[in-house]
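Trainee: Structure in structure tokens, see below.
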Amino acid sequence: MEILKVSSKSNPNKVAGAIAGVISKNEQVELQAIGAGAVNQAVKAVAIASRFLREQGTKVYMVPGFVEIQIGEEMRTGITIKIISGKEEE
């Protein structure tokens, strides 16, 4: 599964475009974010991507969780958001 790292400075529209691109090929993608600002940008990106993908007939589900990420010598706890696609029901 492809992992996209999101920071508090990430542009939600660009992250949403990356999400849509990966979902169209792999049907799932994972976002990783550390800190409230990064999680905020990640959730906004999922909302934007969800709206775009729904217009294309694809519904997405997000499954949040925790992840331990090593940054240099330090371990940090972050949020992971797994995004899984499914076809829109008629």
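This note's numbering applies: residue 2 is where the sequence shown begins, and numbers increase by one.
Every residue, glycine too, gets a C-beta built ideally from N, C-alpha and C.
(1) From Arg52 to Gly66, what distance separates their C-alpha atoms?
(2) Under a three-way DSSP split, which group does Ile20 fall into?
(3) Please list, in chain order, all residues of the same chain as Tyr62 whose beta carbon is under 6 angstroms from its beta carbon, the five residues on each side excluded.
(4) So what's Ser8 in DSSP terms, helix, strand or just coil?
(5) How far does the alpha helix (DSSP H) with Ile35 in it extend, from its first residue to its last?
(6) Over what stretch of residues does the beta strand (DSSP E) that includes Met2 continue unbroken?
(7) What's the gap between the Cα of Ala19 and the Cα of Met76?
Mentor: Short version:
(1) 22 angstroms
(2) Here Ile20 sits in helix by DSSP.
(3) Ile85
(4) Coil at Ser8, not helix or strand.
(5) Run containing Ile35: none; DSSP gives neither H nor E here.
(6) It is not in any beta strand (DSSP E) - Met2 carries neither H nor E in the DSSP assignment.
(7) 26 angstroms
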